[in-house]
Amino acid sequence: MQRRSFLRLVGGGIVLAASSRGAYAQTDPAAPWKVAPTVQGDVRRQALAYAILAPNPHNRQPWMVDLRMQDTVLLFCDPTRLLPKTDPFSRQIMIGLGAFIENFVITASQSGRSVDTTLFPQGFPESSIDGRPVAMMRLGHTTPADPLFRHILNRRSTKTPYDMARAIPANDIAAIISSPRSGLHAIRIETDPQVMTAMRGFMMRAGEIEAMTPRTWQESVDLMRIGRAEIAANPDGISIGGPMIETLLANGRINRAMMADTSSPAFRAGTERYTASAAATPAAIWYATAGNTRVDQIEAGRAWMRIALTAVEMGLCLHPMSQVLQEFPEMSKELAAFHEYVGVRPPARVQMLARIGYGPIVDPTPRWPLENRITAS
Ligand SMILES: Cc1cc2nc3c(=O)[nH]c(=O)nc-3n(C[C@H](O)[C@H](O)[C@H](O)COP(=O)(O)O)c2cc1C
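Using the numbering used here, the first residue of the sequence shown is number 1206, and each one after it goes up by one.
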């Protein structure tokens, strides 16, 4: 097959998704997106059915919940779903759990229930994740319905190129910047052409460092689900699917070893796709918290959820580009340079950097069903 057509196939077929929990039979890996509105009865289960649709790094879906206490959800982080190479301190994993909490709170409000959230009720796992709960979420009474709820099912991380000619109206920028509940140290949407040239440069250099560092790239390769059968068996991680992928698979033209080999056409197709998206980035959003504690990270995730839902309301797409914010040693120069560039000094910490702009409507990514993430009820 010509390389050019291979690129087209991969470009049309890749879907990012992430996990590993034994045999599993869900014919539609995106079924939880359809199931959520049908859940009735226990408000906790209704809210959890939407919470599992939260964005999270590499679609690891690190959440586990214990429902044994009445009107209460004990949220845990699954220690088997971390990203030790690219996210060695589980900072991004915590952001995903924060997004989960915010989705839970927004959904519970549709039933008029407030949520009293106690973070890390048994103490903070500052260095490594342990078995202690991340949050205790107790349903309370009477709160107004949060209007952001209506966007949860339409939210996506849109990883395609964006329209470089369409500017974001100032009012929409203001609405997105003011959407997080808690005070962030700094938040900006960059649109200035010179600044955007620098931002795209950070995204591209950091993407290359991650891809060319064998152990960090291997972490992604290990999480790839290539083809319908793998995606159905593990509806998480980086899903690479679509009709063309099935053909390539049948012809032995794509497999995990090829994706790991930095000299293969399969690898090059992936990096060219990343570069094409980074190049078609008309604007960028980033924000920082005043410190980098576990609570800061959870709050950063709650903020991301609200930003993402507000962006849907404005017809905007978002795509996190976390590489330059990662803590593995090979990235440290770029990480420091990025903080220097945006003027954020320790102990403040940039928690999210993302592309923002106008793009196509894309399919939802896979999710494990809620039942799979309940440890006790
Ligand atoms: C903290 C965090 C970091 C992320 N980093 C990246 C990233 O660097 N590159 C990327 O393509 N997606 C990134 N994502 C998006 C996830 O891949 C995405 O949320 C996940 O695959 C689920 O897809 P969905 O958001 O469309 O539901 C990140 C998401 C979160 C919450």
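No residue lacks a Cβ here, since even glycine has one placed at the ideal position from N, Cα and C.
Residue i - partner residues in DSSP beta bridges
i, result
"residue 1395", "1489"
"residue 1321", "1343"
"residue 1562", "1522"
"residue 1494", "1554"
"residue 1430", "1444"
"residue 1581", "1271"
With 16 other Cβ atoms within 10 Å as the buried cut-off, status of residue i
i, result
"residue 1227", "With a pLDDT of only 39 at residue 1227, under 50, the local geometry of the prediction cannot be trusted, and no value is derived from it."
"residue 1285", "exposed"
"residue 1368", "exposed"
"residue 1565", "exposed"
"residue 1417", "exposed"
"residue 1575", "buried"
"residue 1263", "buried"
"residue 1497", "buried"
"residue 1364", "buried"
"residue 1243", "exposed"
"residue 1545", "exposed"
"residue 1578", "buried"
CA nearest to the CA of residue i, picked from the options
i, options, result
"residue 1523", "1499, 1490 and 1308", "1490"
"residue 1558", "1437, 1538 and 1492", "1492"
"residue 1371", "1276, 1253, 1488 and 1527", "1488"
"residue 1359", "1535, 1516, 1525 and 1391", "1516"
"residue 1478", "1329, 1457 and 1445", "1445"
"residue 1305", "1506, 1437, 1411 and 1531", "1506"
"residue 1294", "1319, 1329 and 1313", "1329"
"residue 1346", "1551, 1318, 1276 and 1545", "1318"
"residue 1415", "1256, 1560, 1276 and 1537", "1537"
"residue 1357", "1540, 1375, 1419 and 1315", "1315"
"residue 1232", "1525, 1437 and 1547", "1437"
"residue 1303", "1386, 1551 and 1508", "1508"
"residue 1530", "1256, 1292 and 1280", "1292"
"residue 1270", "1552, 1309 and 1454", "1309"
Pairwise C-alpha distance: residue j and residue i
i, j, result
"residue 1334", "residue 1288", "11 Å"
"residue 1533", "residue 1494", "20 Å"
"residue 1327", "residue 1272", "17 Å"
"residue 1452", "residue 1325", "47 Å"
"residue 1554", "residue 1528", "15 Å"
"residue 1481", "residue 1351", "36 Å"
"residue 1520", "residue 1510", "15 Å"
"residue 1568", "residue 1361", "8 Å"
"residue 1311", "residue 1253", "11 Å"
"residue 1268", "residue 1502", "15 Å"
"residue 1404", "residue 1556", "15 Å"
"residue 1331", "residue 1476", "34 Å"
"residue 1440", "residue 1260", "14 Å"
"residue 1247", "residue 1581", "15 Å"
Cβ of residue i within 8 Å of any chain E Cβ
i, result
"residue 1245", "No chain E is part of this structure, which consists of one protein chain only."
Inside the segment 1237 to 1266 only - alpha helix (DSSP H) runs reaching at least 4 residues: 1248 to 1256
Whole runs of the beta strand (DSSP E) within the segment 1265 to 1309, excluding any shorter than 3 residues: 1268 to 1271 and 1277 to 1282
Uninterrupted beta strand (DSSP E) stretches inside the segment 1340 to 1380 (no shorter than 3 residues): 1340 to 1344
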